[in-house]
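In my numbering, the protein residues as written are 1414 to 1920.
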């Protein structure tokens, strides 16, 4: 009970919010990290099943555990101060083995380190990293799957994340959850468990399994998308999105597990029994007394309360509906109501957008000018959740576009010396080009660069200063016969007018 009360319990208190964030991400709609629920009980089972091997070893207080625990707590402090939950959660990767090292010593942990490093597979990726990785994997899956399906005669046409079989009613929608990130993360976890807890503990074997697992997962997802395209061709889109989707998912998982185990058996021979730690060395099993642990316990308990308060305290609440209150008529532009299809797409994507953006306070709108030319607007407002805001190019790339130019341009229309982001992109589906002007702003500040945005908010986050602000993005098509400058001028005019209204909303 001494290590539990002295080390593990204060750390449980200090990391309460980080653990809650992890659990929330494990329950996310995408289910990328749903498999993480199995890891804590699995680790507990491994410890319990091997207790006859490690329990006779002496328990010693090892101050070298601070080599891991110290940096972990420093990162947790930074995450709690800046209200970046993913940083605090990431520090668990070092805190778990560091705490065990400090409280139990290396001798008792001999052979058990792979179990402790399971913590690395329990911590979800930061939202920005997750979204970027999911986008990249989705591009690979959609492009590769449609190409492979067409080789097999599916005759599908891609339009963004929609795959349309020619002559067939309906189209397959490849959602973010179908990017393959879920199977990639689960397969890497499975490969780690297979490599570390079953079979011979050989470095080459472990490296081979850990490298092969993600490649297998990516390839299997490409094949799965291709099979769904063939189902849509042969049995119709409703079957492909219903029973066919479930069948393909099950077949993918069975194939991946069989392939990984088969690779292990073929390359390294028949799997041995469960890998166990070495037998305990002869010697007394005496444990260090509480006196040696007392200074460490005092330090951890003194830190636990302030760390929990720092992580829980949010001095500024989150406002709502500022984006919806942007005017329907502004600078000669009139809001155009969404069509039924656009509304359905918005409703379908809304949960994932809220998850990625970390806020409900955003809108996607279309405005027409007096000549009937359309401009598309994305407006997002933030408070302490500023770290969820990401560069506009990520959404543009995710809209089936290739970026031709990405820079900043003077935006003196709003304030002297101000800049706005400028992106020129070409649609892969029809070749149309678009100019996007974007602006990060606050009540008395605005800039077009993501780096400027981070540098503006980061110091204020450290001292818990108000951080309300916004991101505006205005996109205009380059119409036939005109230059980029004409489309940019239209976007500039609407961006300036909306920026003035947005700054009023956050004052």
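Every residue, glycine too, gets a C-beta built ideally from N, C-alpha and C.
Coil, strand or helix - residue 1814 by DSSP: strand
Judging by CA-CA distance, which residue of 1590, 1757 and 1890 is the nearest neighbour of residue 1845? 1890
Going along the chain, which unbroken runs of the alpha helix (DSSP H) with 4 or more residues stay wholly within the stretch 1557-1637? 1594-1610
Compute the Euclidean distance between the alpha carbons of residue 1614 and residue 1601, then round it to the nearest angstrom. 17 Å
The alpha helix (DSSP H) enclosing residue 1498, as first and last residue numbers: 1498-1503
Considering only their Cβ atoms, is the gap separating residue 1585 from residue 1445 smaller than 8 Å? no
Can you give the Cα-Cα distance for residue 1796 and residue 1806, rounded to whole angstroms? 22 Å
Let me know the alpha helix (DSSP H) ranges lying completely inside the stretch 1637-1688, each 4 residues or longer, listed in chain order. 1650-1654 and 1656-1681
Return the chain-ordered list of same chain residues with a C-beta closer than 8 Å to the C-beta of residue 1430, the five sequence neighbours on each side being excluded. 1493, 1498, 1501, 1721, 1724 and 1725
Work out the CA separation of residue 1572 and residue 1643 for me, nearest whole Å. 17 Å
Is the separation between the beta-carbon of residue 1471 and that of residue 1519 shorter than 8 Å? no
Given 8 Å as the limit, is there contact between the stretch 1906-1913 and the stretch 1741-1758, that is, 3 or more CB pairs closer than that? yes
So, helix, strand or coil for residue 1477, using DSSP? helix
Which first and last residues belong to the beta strand (DSSP E) in which residue 1832 is found? 1832-1840
Run of the beta strand (DSSP E) containing residue 1888, from where it starts to where it stops: 1882-1890
Return helix, strand or coil for residue 1824, following the three-state DSSP convention. coil
Start and end residues, beta strand (DSSP E) containing residue 1854: 1846-1855
What's the C-alpha gap between residue 1850 and residue 1828? 16 Å
Under three-state DSSP, which class holds residue 1429? helix
Three-state class that DSSP yields for residue 1774 in the structure shown: coil
Taking Cβ to Cβ, would you say residue 1709 is nearer than 8 Å to residue 1481? no
Cβ separation of residue 1921 and residue 1735, assumed to be a contact under 8 Å, to the nearest whole Å: This structure gives no information on residue 1921, because the portion of the chain shown stretches from 1414 to 1920.
What residues in its chain sit with their C-beta under 8 Å from that of residue 1452, if we drop five residues either side in the sequence? 1531, 1534, 1535 and 1602
Just grab the DSSP bridge partners of residue 1819 for me. 1836
Are the stretch 1544-1558 and the stretch 1634-1653 touching, with three or more C-beta to C-beta distances below 8 Å? yes
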